[in-house]
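I have placed the structure first, in the form of structure tokens, so that the comments after it can refer back to it.
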Amino acid sequence: MHKMTEQSLWAAFAGESQAHMKYAAFADEAHRAGLANVAKLFRAVSYAERVHATNHLKALGGLKGTGDNLQAAIDGENFEVDEMYPAYDAVAKLQGEKDAEKSIHFAIEAEKIHAAMYSDAKRSVDSGKDWAIGDVYICPNCGYTHIVSTDNPLPDFCPVCAWKKGTFKKFTGYDELV
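The opening position of the sequence shown corresponds to residue 1 in the UniProt record's numbering, with each subsequent residue numbered one higher.
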């Protein structure tokens with residue numbers, strides 16, 4: 001691929017990815033405001049932006065086999081924990097931006113967990129098996145991620161931000177990730 005086309009596709013991927021997330025957040029806000037049809041519109045267009053981003057990623061050769069995708073995810077999470085967020089946190093601290101510091105702290109703690117989970121999943125995939133896990137719960141305040149098992153029940157309060165477990169979003173299957 002020509003360098004200019006590649007740079008354009010990466011920029012388009014970033015823009016479409018941001019639009020996807022922004023519209024998903026807008027949908028949640030419209031839903032909270034009781035505007036079900038506006039929420040539906042935001043959610044639908046958010047999905048369309050995700051389709052655009054996925055198409056760009058495919059054209060860039062960024063979608064590979066699951067093992068390679070897991071390694072890319074591990075590398076990305078570790079970069080965020082080891083380099084990106086510490087640099088952002090230093091700037092936020094220097095400038096006295098308490099909300100940014102809190103947001104960054106939440107992200108770092110969740111990203112550490114994500115990297116470990118992806119590593120466990122990769123070991124399973126590399127051995128030719130799906131990763132056997134229970135339901136996955138996400139704290140809607142900080143992004144803390146917890147996989148429930150008989151020896152690892154959901155804590156009563158989020159260990160990162162102290163929100164009650166009753167507020168966590170439960171993921172039981174693929175369909176919920178749209």
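Ideal Cβ positions, reconstructed from N, Cα and C, are used throughout, including at glycine.
### Query
Around the C-beta of residue 93, are 16 or more other C-beta atoms found within 10 angstroms, so that it is buried, or is it exposed?
The sequence position of residue 93 within the sequence shown is 93, counting from 1. Its Cβ having fewer than 16 others within 10 Å, residue 93 is exposed.
### Task
List the residues that DSSP assigns as beta-bridge partners of residue 170.
Here residue 170 is taken as the residue at index 170 of the sequence shown, counted from 1. For residue 170, which the question treats as bridged, DSSP gives the partners 137.
### Message
Suppose contacts are defined by Cβ-Cβ distances below 9 Å. Is residue 169 in contact with residue 118 by that definition?
### Response
Reading the sequence shown from its first residue, position 169 is the one you call residue 169. Reading the sequence shown from its first residue, position 118 is the one you call residue 118. It is not a contact, given that the beta carbons lie outside the stated cut-off.
### Query
In terms of residues, what are the limits of the alpha helix (DSSP H) holding residue 105?
Start at 1 with the first residue of the sequence shown, and residue 105 comes out as number 105. DSSP places residue 105 in the uninterrupted alpha helix (DSSP H) bounded by 98-126.
### Task
Quick one: grab the DSSP three-state call for residue 145.
Start at 1 with the first residue of the sequence shown, and residue 145 comes out as number 145. DSSP, reduced to helix, strand and coil, places residue 145 within a strand of the structure shown.
### Task
Provide the residue(s) that pair with residue 93 in DSSP beta bridges, ordered along the chain.
Taking the first residue of the sequence shown as 1, we reach residue 93 at position 93. For residue 93, which the question treats as bridged, DSSP gives no partner whatsoever.
### Query
How many Å lie between residue 56 and residue 142 at the Cα?
Taking the sequence shown and counting its residues from 1, one reaches residue 56 at position 56. Taking the sequence shown and counting its residues from 1, one reaches residue 142 at position 142. Rounded to the nearest angstrom, the two C-alpha atoms are 29 Å apart.
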